[in-house]
Amino acid sequence: MADANQNIMEKAQSRFIETQKKTAERNKATAEYHSEAKARVIKTAKLRELRLAKEEQDRAAEALKPVEPKKKRAPRASKSKELPTSVDKT
1 MADANQNIME
11 KAQSRFIETQ
21 KKTAERNKAT
31 AEYHSEAKAR
41 VIKTAKLREL
51 RLAKEEQDRA
61 AEALKPVEPK
71 KKRAPRASKS
81 KELPTSVDKT
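Reminder that position 57 of the sequence shown reads as 57 in the UniProt record's numbering, one-by-one numbering, no gaps.
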């Protein structure tokens, strides 16, 4: 009977250790996921800030650029409104 109790205790302990390992792995994976997500958010914010700064710089440069007057189009050549009166049938 002592051997049976010992065997049951060993199985229970091995299951407990496996459960602890799985929990540790899950916690590690979760922490890694959260750190990657945080890094992604920080990188996205930095890139957005750079993009907005560049757009503002482009707007300022565009405002300083002199406005060129639009070129006027040449008037269209008038089309002849005369229609041929007849076609030669020779």
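C-beta atoms are modelled at their ideal positions from N, C-alpha and C, and glycine is treated no differently.
Remember, it's a predicted structure, so these values are computed and weren't measured experimentally.
Please go through the same chain and pick out, in chain order, the residues whose beta-carbon is closer than 8 Å to the beta-carbon of residue 91, but skip the five residues on each side of it. With the chain covering only 1 through 90, there is no way to say anything about residue 91.
message = According to DSSP, is K72 part of a helix, a strand, or is it coil?
response = Here residue 72 is taken as the residue at index 72 of the sequence shown, counted from 1. Residue state, collapsed to three classes: coil.
Straight-line Cα distance separating I17 from Q6: Sequence index remark: in the sequence shown, residue 6 carries index 6 (1-based). Sequence index remark: in the sequence shown, residue 17 carries index 17 (1-based). I17 has its alpha-carbon roughly 16 Å from the corresponding atom of Q6.
Next on the checklist: Tell me the rounded alpha-carbon separation between E62 and K71.
Outcome noted: Your numbering for residue 62 matches position 62 in the sequence shown. Your numbering for residue 71 matches position 71 in the sequence shown. So the alpha carbons of these two residues sit roughly 20 Å apart.
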